[in-house]
Every structure is written in C-alpha cells, then in structure tokens.
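Undergrad:
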Amino acid sequence: MSIRFQLLIVALTTLVLPWAGCQYASELETALRASQENALEASADTIAHALSAQPGRVFRDADDIEPFAQEHGDLYVFPLHGPPLLDGYREDWDLPVEPAPLPTATGYPARLQAGYTERYLFLYLEVDDPHFVAEPADVHPERDRFDRVDLTLQTPDGSLEFYFFATGAPGLIEAQTLVKGDGGADRTAEEPRIQAFWLQTSRGYHLEVRLPSSMVGARLWIEARNAGGDRSAGFAADETLRGGRLFMRTPRLDELLATFIRPGTRATVIDANALKLGVAGTLASSAAAEDTAAAGTWYRRFMTVDTSDWPLQASFPDRSEGRSVTAALAGHPAAEWLRTGGSSDLVLAAAAPILIGDQTRGAVVLEQAGNELLALRDQALTHLFNLTLLATVLAVSCAFGLATLISMRIGRLSAAADSAVGSDGRIRLDMPESHRADEIGGLSRAFERLLARLNEHTQYLRTLGGKLAHELRTPLTIVRSSLDNLESEGLRADQRSYVTRAREGVLRLQSILNALGAAARVEESIKQAERVNFDLNALLHSAVGGYRDAFPAARIALDTPPDACFMRGAPDLIAQLLDKLIENAVDFCPPAGTITVRLARSAGSYELAVINDGAPIPIAMLERLFESLFEHRQGRDEKPHFGLGLYIVRLIAEFHEGTARAANRPDAGGAMFAVTLPMI
Amino acid sequence: MKKHIAIVEDEPALRENYAAALARHGYGVKTYGNRKVAMQAFSTHLPDLAIIDISLEDEAEGGFDLCRDLRALSAELPIIFLTARDSELDAVSGLRLGADDFLTKDVSLPHLAARVAALFRRIDALRRPDHASDVVRRGALSIDGEKMQTTWNGTPVTLSLTEFWIVHALARHPGHVKNRQQLMDAANVVLDDNTITSHIKRVRRKFLEIDASFDAIQTVYGMGYRWVE
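Protein chains in written order, with my numbering: chain A, -17 to 662; chain B, 43 to 271.
So this is what it looks like as structure tokens:
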C-alpha cells in the first residue's frame, strides 16, 4: 500500500467529525424534544385547568357523565363545513368517516351518520333493502305496510315528537307525522320543516334528512323498518328515554379555545369518551421549513433518531386517540410524538385531563408541528455538516497532497538509489533531497554516506589489483632471484626438480600479478595514449591473422566491409581491446565453434562485434559484464580471471567515445560482445 | 681488471641476491641501502656500473636524484634502473636522466648479468674507437653491435640497452615479423605485452625526433613488429 493511500485512509478518519456532529445533534434534538414536550404539556395543563373552572362552557350538559354508548343509540354529530345538498348522497358532507352501522336484532343492515351546520341537523341513513315497498297514496300508517324510517325527537322543552319518512316515489320528501283525526282516526300530516331526500339504489335506499336544530333537544332516535314489519334497525324511543343522546361540539367552545392557543398549535377538547367537543387552530406547516427539511434530507440518513416506529397520528373527525389521550383521560398529563400519515412530518401531541371535582371529565389535547424542530435540527446539521465536511475535505486533500509530495520525494530518492550504481559500475555520490532538513533528507544523506563508503570500497577494490601486483613484485623478485642464485650454485638433479617446481610456481604467481595489474596498466596507458588516424579494417585483418596463429584450435571468421574504415584513436589500445574480446570468446567458444569478428558501419559509427558460438549469457549478467571485477565464469581454469578483461574493453571503448555492450545471439546459440567506435 | 658494480637497493634480500649473482660472474659488488650512503661512497670512489632502485627507503624518487647526481659526476658511467615500478612515466623519466637501461624487477638474474656484461662490453668497445665492429646497415640505419650505438642518417639515436636490442633484433631481418616473445628474448627481458608496446613507442619517438618521416617499424597487429626499409 503506497504512503499516499495510507495517509488518505488516515485522513479519512476525520469523517468521524461529521459523525460526532450527528451524534451531538441528535442528542441536542432529544433534549429539545423533551423540553418541547414539557412546554406543550404545561400549556395543555394550563388550558385544562382554565376549562375545568367553567364546565358549562365546555360541556353541553355538564351533569351528564354517562359514557357514550353507540349500542344504545348515542350518536355523534359531525360538524359540517357547509349545508349539504339534499340529494341522497353524502359525498358533499365531506367527512372522512363512513356511516356507522345501526344495531339490528333482525338482520336489517342500515348505516347512519349525523352532521350539523349552524342551523340544521342532518341525518344520513343507508338501508340495504332491495325490495322497495312504496307508501300508498292514502296511507294508514297503523295498518299499511311499507318501507319507512321512524324518527323520534326530544324537543328542547323535553317532549317527544314522532315523525316518519316514507314515500310513494323516491325524491325530495317531507317528514310525516301522525295527527289525531277528527274522527279519532289517525291521518298523516307533512311536516315541512323536516325535509328529506329518498334515493332508491340497487341495494336499497338512502335517506338524507335535514331538520332545524331548534327542533332538536338532547336526544334523537331513528329506526328503519321494512315493509313486512319483521325487520328493523336502530332505536325507537322508549319510556326510559335511554340512548339516543346527541354528542356534538360544544357551541362557542372553539372560540374560547382559540383564545388559549398560539398560532401553529391545534387545541382539541375531548370529553371523557374522547369525543371532540371543540377544536381550534391549525398545525403550522411552514413552507420555509419544508424547504430546509427537503434540502437537508440527505443528511438525515446519518441521523440515529429513527422515527419510523413512532405511532401514526390518528385523525378522526369525531374523536381523538393515542397514548397521550388515553393517559390524560386516565388523569395523567402526557405527551407523545406522532407521525402524520403520508409525509414524514412530525407532530407533538400533549394531553392534559380536565378535572371537575375529582373526576376526569375530558381532556385538552394540544398538537404542535414538530417540523420546526426538524428544521432547526436540519439547519444546525447542515451547518455542522458543511463545516466538518469542509474540514474533512481540507484535511484529506492536505494529507493527500503531503503524501503525494512525500511519495514523489521518496520515489525520486528510490529511483536515484536504484541508478546510483550505474551499469558501468560507477557510483554516483550525490542524491536528491539531501539538502532537506527532514527525515527524507536524512535518509538521502545516509544514502550519500553509504554510497561514499561503497565508492571508497569500490575504488579500493579497483586499485587493489594494481597495488597487489606492485606490492607483491618485490617479494616475488626476491624468491625468483634466490632461485636464480640457487641454480647458479649448482644443484643435484633431485634438488633441481624442486627448484624447477618453485620456478613454475613463481611464474604462475607472476602471471596472476600481471592479470591483476592489467586494468591499472591499461588505465595508465590510456592516460598516455595518442590518437592517430588509422584503418580499423586493416587492423582487424592483421590482428585476426595473428589470432588464427595464436589460437590454432579456434575458427575465427572475419566479416568486414570491403573498403578501408578509418577512425581516430589509439590502434594499440584497439588491438588490446580486440585481444580481450577474442580471449573472452575463445574461452566461451566450444571446440568446434566459430568466432566471428564483424565490423559494420552504422549511423556515424562502427560496430565492432565479436560473436562466439556457445552458451548464452544469463540475462541478469548482461548489464554487469563490463563492470570492474565482475566475473561470471564458473569452474576453474588454468588461467586466473579477475573480471578485468571486459572492463578493459569498456575502458578502451570509452576512451574512443564509444560504448561496449553484451548481448545474446537471437538464436540463443552464443553471445555477442560489441563496441561502437566513432567514424571520422 | 675486476669491474666494480654498485647496487643501490633498499630491499636487503634482493640486494644480497643481486650482489651474489653478480659476484658469481666475477664482479666486485658493493651494496648500499639508501641514497645518502651510496652518494657518500660514490663521491670518494666511482663504481664501474651502478644498479639503482628508484624508491630508496623513505625517498620515493631517491633513485632519480641519485642518477642525476651520479651522471653529474661521470657522463660515461653505465647506470641501470632496476625497479618494481613499471609505469611508462618512470621509464621515460629514468632514461631521460641518462640511465642506460630501465629494468623492472621481473628481470631474471642471468638476464641482468647479460645486460651488465653488455654494458661493460660497450664501454670497452667505445674505448677502442677504431676497432672494426659488427655494424648492421639498413638504409639510413646503422647499428654498431659492439658499441651498441645506433645512428639514423648519421645522427646518433640514444637508445637504452633494451631498446637497442629490440631495434637490433628487428633490423637484422628486415621484413620479418618479430613477435613480442622474440623481441623479449632478444632484449634479455621478460616483459608483458604492454611494456613491449611502450618500448616500441619510445623507440619510434626517438627516431621521429631525428627524422619526422621515420616509418621503419611497423606494427603487425596480433603478431608483432617488423622493420621495413
């Protein structure tokens, strides 16, 4: 892994900043939410206390503490936004609640819904009775059998009034009432104040009734009956006057509530049955807050506050529900967070009980949009995110830049270290970055010191041969001259053989020393060499002739251009170069192999190549063959080798501004050593 | 009359070996370890021949100084440098100072003795001016084998003993290629190829100083050298 990548990863740990920010923001949010809960709860409690002081303004009948019982005919009357058209359809009632089924003991399915406007009470009844029996024209309600709906009203003064609806032809009708006739016989009379619309459908009929509120007291009973008289649904008024109570909003409670609340808050007063008595205010849904929330949405996925398991806000037009409502009706103020259906908006609901005496008679439910809090959080988060992201980007790019810089410097140093020892064996002593004061500079300087020592060592090794050759010469001369003297003294035959052996040893030592000192001598003679113009071609011809004599076992071929090849240089040195190449080739050429000396012209220079049959040179060695003291021969030879032959070739080639290189023959059947020499 | 040879050599073993060998050949040998002692002795009594090492004890170039001083004392005294140093520069310096020969210590004792004998012979030959000697003439070249003198177009060429023998060997059979070994044998030396090359170079230069068009010694690369007329 590169330093750049490592530092990048380290720098990426600054991403913990936004994360920590998120954690902090979510804690902050929790605290804010708690405080908002408390505040709203306190408000709800205050309103509840205020309301409990004036129960008459809260409850239509402050003494009625009997719970709402639908099964006894108690009916919740929904507030309607406007007077609906009397047409048998309830679509224009604009209520999200379906009509409630009327209890029936005889399997007569009917559903009822009630609503009111300022002046009228509306009833809507659906009856599933596909067999329509019309009211006869001259009706005797006691005797005749027809589909009818009975309505009993308790008037504001407490008396009961009985009406029924039936029709001969569906459409707009009026309620009918029984009137004692003159002859004691009942007859029907129409009550024009109570209007209704009888709509015949495939399943049965709809009845939409409008009656003035002034006619209705606290109770009302409605019963649908079929023509046979054997099936009915709903309630008829009986002597006990049970059920049939109308539950509806308390008049002017909305206005009273409105004085308690602040904008953006909705207050709902419910009775002990959780039925709504009054509602005031609307939940704020600020467009600006929405925008901010939308802009910050992608940050939310980093939030740890998960609202998905929060309860959905229940919205019934007739009653309130929820944990807080239940708690408040049990006598304890409570608050809870709710999701509003569909959107992700949050609502905070707080409920406080309205206590009259020791009895919980109802509750105040205060609701407040949580979006403001969300918007606040998102704003804070956005800032936090932007800042920390900026910091992270800055840190990451700084780290990346620094890493790139360091990588580059180390790369430079590494490249320099790689090439410090050149293919010619020369050591370069200056390293990049060494003037820098930091660790890389230190490393570079350490490299420089190392290279300097290596260079000293190499120089020492390079001169060691010459020095040895020189230093050993005197003791060797002593030995040889002593042997000379010994021989001159006259020896016995057996002694002579020892002297001969000693002399052979001396000769070998001598040749070793000569080989060791060869490079030094060539360097010496290069210093003193004089350049002349000469024909390289002629030199080759002459020299190869000599080599054929000198190495009769080798087959030496010569491949040169037909004309003279003039160059400027030291012919003796070139001859010496050729000596070394030929010696090398002879050493590596198998007995039956051929050595080819080839001279060719190429772009301003000559290429003098000595190509021999034999094993190819390992690739790794090709580069280093021309180094001083590099020896790749395996095994032992009668001649000593110190890896100086090809080094001498290089020295001489470089003296002539040429180059030396080694390569394997393309057919891998041998090696080629070539020098380029400049033309004139 | 017994010839006296002075050996100035700081290596005792070598000194004694040389002395023993030369004494065996009938010379009177005196050995000296450093320049001061040698010079002291020479100021009172000159030897007939001096063999000098270049570096003498702590004087790296002491032999050169000694040679200069000795040459100042006597223009004819044969001086042979015998040294472990074989650089071209040393050889040139030594010969320029008036030494008759410059030998490396590779030389064998018989060779050394041959050289010493040759130098004495030359001295003798020079002392008998009208003696009909063994003279080889090749065009402009004239070589007196006895006096070991070489002239080119009548002008003497000052060759060292080794150089003289090389020229002699080449010129005796013009056109014949003499390889390095043959030249070494002729010159009574054992030298490496490089040294032979530098000897040849030096010889050529000496002739060229007299005659800029001198081209009589040809290199036959890979084989050796030959004299062309």
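Ideal Cβ positions, reconstructed from N, Cα and C, are used throughout, including at glycine.
Since the model is a prediction, treat every value here as computed from it, not as a measurement.
Residues of the segment 502 to 523 of chain A in Cβ contact with chain B at a cutoff of 7 Å, in chain order, please.
TA: Cβ contacts with chain B come from R503, E506, S507, Q510 and L521.
Undergrad: Looking at the unbroken beta strand (DSSP E) that takes in D186 of chain B, where does it start and where does it end?
TA: Note, D186 of chain B: beta strand (DSSP E), L183 to D186.
Undergrad: Mind checking whether L358 of chain A and R321 of chain A have CB atoms under 8 Å apart?
TA: Not in contact: L358 of chain A and R321 of chain A (Cβ atoms no closer than 8 Å).
Undergrad: Please check if any C-beta of chain B sits within less than 8 Å of the C-beta of A557 of chain A.
TA: Yes, A557 of chain A counts as interfacial toward chain B.
Undergrad: Would you list, in chain order, the members of the segment 524 to 543 of chain A that have their beta-carbon closer than 9 Å to a beta-carbon of chain B?
TA: The segment 524 to 543 of chain A vs chain B, Cβ under 9 Å: S524, A525, V526, G527, G528, Y529, R530, D531 and A532.
Undergrad: Using the rule of at least 16 other Cβ atoms within 10 Å of the residue's Cβ for burial, across every protein chain shown, is R130 of chain A buried or exposed?
TA: Classification of R130 of chain A: buried, given that the 10 Å Cβ count is 16 or more.
Undergrad: Consult DSSP for Y263 of chain B and reduce its assignment to one of helix, strand or coil.
TA: In the structure shown, Y263 of chain B sits in coil (DSSP, three-state: anything other than H, G, I, E or B).
Undergrad: Under 8 Å between C-beta atoms, does T261 of chain B make it to chain A?
TA: So, interface residue.
Undergrad: Does the distance from the CB of T232 of chain A to the CB of G260 of chain A come in under 8 Å?
TA: Yes, these two residues count as a Cβ contact at 8 Å.
Undergrad: Between B:M81, B:Y60 and B:L91, which has its C-alpha nearest K45 of chain B's C-alpha?
TA: Here the closest residue by C-alpha is B:L91.
Undergrad: Suppose only complete runs of 4+ residues qualify. What are the alpha helix (DSSP H) ranges in the segment 541 to 595 of chain A, listed by chain order?
TA: Complete alpha helix (DSSP H) runs here, min 4: 553 to 570.
Undergrad: Looking only at C-alpha atoms, which of A:R227, A:F179, A:V109 and A:Y187 sits nearest to T137 of chain A?
TA: Comparing Cα positions, the closest option is A:R227.
Undergrad: Going by DSSP, what residues sit across from F146 of chain A in a beta bridge?
TA: F146 of chain A is bridged to A:D132 and A:Q158.
Undergrad: First and last residue of the beta strand (DSSP E) that includes V654 of chain A?
TA: The residue you asked about is not Val; residue 654 of chain A is Met in the sequence shown. Its beta strand (DSSP E) spans residues G652 to P660.
Undergrad: Which residue's Cα is closest to the Cα of T4 of chain B: B:A141, B:L56 and B:R66?
TA: The structure shown does not extend to residue 4 of chain B, since chain B is modelled only from 43 to 271, so the question has no answer here.
Undergrad: Could you name the residues that DSSP lists as bridge partners for Y6 of chain A?
TA: The partner list for Y6 of chain A (beta bridge, DSSP) is empty, contrary to what the question assumes.
Undergrad: Check whether the segment 171 to 188 of chain A touches the segment 4 to 20 of chain A, taking contact to mean three or more Cβ pairs, one atom from each stretch, closer than 8 Å.
TA: As far as the Cβ criterion goes, the segment 171 to 188 of chain A does not touch the segment 4 to 20 of chain A, which means the pair count is below three.
Undergrad: Please confirm whether A117 of chain B has its beta-carbon closer than 8 Å to some beta-carbon of chain A.
TA: Closer than 8 Å: no.
Undergrad: Our contact map puts V329 of chain A next to A206 of chain A with C-beta atoms below 8 Å; I'd like the distance itself, whole angstroms only.
TA: Between A206 of chain A and V329 of chain A the Cβ distance is about 40 Å, and since that is not below 8 Å, they are no contact.
Undergrad: For chain A, find out if any of its Cβ atoms is closer than 8 Å to the Cβ of A211 of chain B; answer yes or no.
TA: Chain A, which has no Cβ nearer than 8 Å to the Cβ of A211 of chain B, makes this no.
Undergrad: List the whole-angstrom C-beta distance separating G55 of chain A from W203 of chain A, where the pair is believed to meet the contact cut-off of C-beta under 8 Å.
TA: At roughly 6 Å, the Cβ-Cβ gap stays under 8 Å, so G55 of chain A and W203 of chain A are in contact.
Undergrad: Is it true that the segment 121 to 140 of chain B meets the segment 431 to 449 of chain A, where meeting means three or more beta-carbon pairs spaced less than 8 Å apart?
TA: With the cut-off at 8 Å, the segment 121 to 140 of chain B and the segment 431 to 449 of chain A do not touch.
Undergrad: Just reading off the alpha helix (DSSP H) that D664 of chain A is part of, what are its end residues?
TA: Outside the shown range of chain A, which is -17 to 662, sits residue 664 of chain A, and nothing can be said about it.
Undergrad: What does P553 of chain A reach in chain B if we use C-beta pairs closer than 8 Å?
TA: Within 8 Å Cβ-Cβ: T261 and Y263.
Undergrad: Below 7 Å on C-beta distance, what does K147 of chain B contact in chain D?
TA: No chain D is part of this structure, whose protein chains are labelled A and B.
Undergrad: Does any residue of chain B bring its CB to less than 8 Å from the CB of N467 of chain A?
TA: With 8 Å as the cut-off, N467 of chain A counts as an interface residue toward chain B.
Undergrad: What residues from chain A crowd round N230 of chain B, counting only those whose CB sits closer than 8 Å?
TA: Those do not exist, as N230 of chain B stays about 13 Å from chain A at its closest Cβ, beyond 8 Å.
Undergrad: Look up E108 of chain A in the DSSP assignment and say whether it is helix, strand or coil.
TA: Here E108 of chain A sits in strand by DSSP.
Undergrad: Rounded to whole angstroms, how far is the Cβ of E271 of chain B from the Cβ of R180 of chain B, which I believe are closer than 8 Å?
TA: Going by Cβ atoms, the distance from E271 of chain B to R180 of chain B rounds to 6 Å, so yes, they are a contact pair.
Undergrad: I'd like to know whether the C-beta of R462 of chain A is nearer than 8 Å to at least one C-beta of chain B.
TA: Answer yes: the Cβ-Cβ gap between R462 of chain A and chain B drops below 8 Å somewhere.
Undergrad: Of the choices B:E118, B:L119 and B:R77, whose alpha-carbon is the least far from that of A102 of chain B?
TA: Per the Cα distances, B:R77.
Undergrad: State yes or no: is the beta carbon of S416 of chain A nearer than 8 Å to at least one beta carbon in chain B?
TA: No, S416 of chain A lies away from the interface with chain B (no Cβ there is under 8 Å from its Cβ).
Undergrad: Please return the same chain residues whose Cβ sits closer than 6 Å to the Cβ of E318 of chain A, not counting the five positions on each side in sequence.
TA: The answer, listed in chain order, is R305, S306 and A331.
Undergrad: Provide the residue(s) that pair with G89 of chain A in DSSP beta bridges, ordered along the chain.
TA: Beta-bridge pairing links G89 of chain A to no other residue.
Undergrad: So, are the CB atoms of R503 of chain A and G551 of chain A less than 8 Å apart?
TA: Taking 8 Å as the Cβ cut-off, R503 of chain A and G551 of chain A do not qualify as a contacting pair.
Undergrad: Any idea what DSSP makes of D273 of chain A, helix, strand or coil?
TA: Model confidence at D273 of chain A stands at a pLDDT of 48, short of 50, so the residue's coordinates are unreliable; what they give is reported in the following sentence. Three-state result, D273 of chain A: helix.
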